[in-house]
Amino acid sequence: MIRLEWDDQTFSVGHPDLDSQHKKLRDVIIDFATHLNIDYCESQVHARLLGFIELSKEHMMCEEQLMKTHDYPDSEAHHKIHKAHFIKLLSLVSDDEKYEQKDVEHIIDYLAQWWLSHIQNEDMKYKPFLKKKD
Ligand SMILES: [Fe+2]
Ligand SMILES: [Fe+2]
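All letters in the sequence shown, in the order written, are residues 8 to 141 by the numbering used here.
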């Protein structure tokens, strides 16, 4: 898995709640990957994935609310990116709760890659707007 090391300069969007949510999501991905290597268990994979999706949903709603409050002009485009990600997350959930280990490795890679690139390429765009009103 790609390394997800937090440093403020690269990842902080300048809002304490959003930063802590981003850190939490990162922690869950790392925890997910660590457990996969130590004790792979399908039912835990399912539960972890559902937990991650719930956390992601809460975070995206909070982020979108703050964008609106701070009159971020591209909030609609950002919402569409979140929505596509959310649909992708739901598509990763297996109906019969069966998960091949190699597929879970791909899921974790996707989550890690998305975390890294979404914060740096998309979330960073609202950073100056969140700063203005604080
Ligand atoms: Fe976002
Ligand atoms: Fe975010």
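C-beta: ideal position from N, C-alpha, C; glycine also.
Annotation: Cys69 to Leu96 spans about 18 angstroms, alpha carbon to alpha carbon.
Beta-carbon to beta-carbon, His22 and Leu62 are separated by about 17 angstroms, too far to satisfy the 8 angstroms threshold.
The C-beta distance from Tyr133 to Tyr47 rounds to 37 angstroms, too long to fall under 8 angstroms, and the pair is not in contact. Secondary structure at Leu73: helix, using DSSP grouped into helix, strand and coil.
When DSSP states are grouped into helix, strand and coil, Leu11 belongs to the coil group. The DSSP assignment places 49-76 and 82-99 as complete runs of the alpha helix (DSSP H) inside the region 41-121, in order along the chain (cut-off: 4 residues). With three or more CB-CB distances shorter than 8 angstroms, the region 14-21 counts as touching the region 111-131.
A Cβ-Cβ separation of about 4 angstroms places Glu104 in contact with His53 under the 8 angstroms criterion. The residue from Ile126, Phe136 and Lys138 with its alpha-carbon nearest to that of Lys30 is Ile126.
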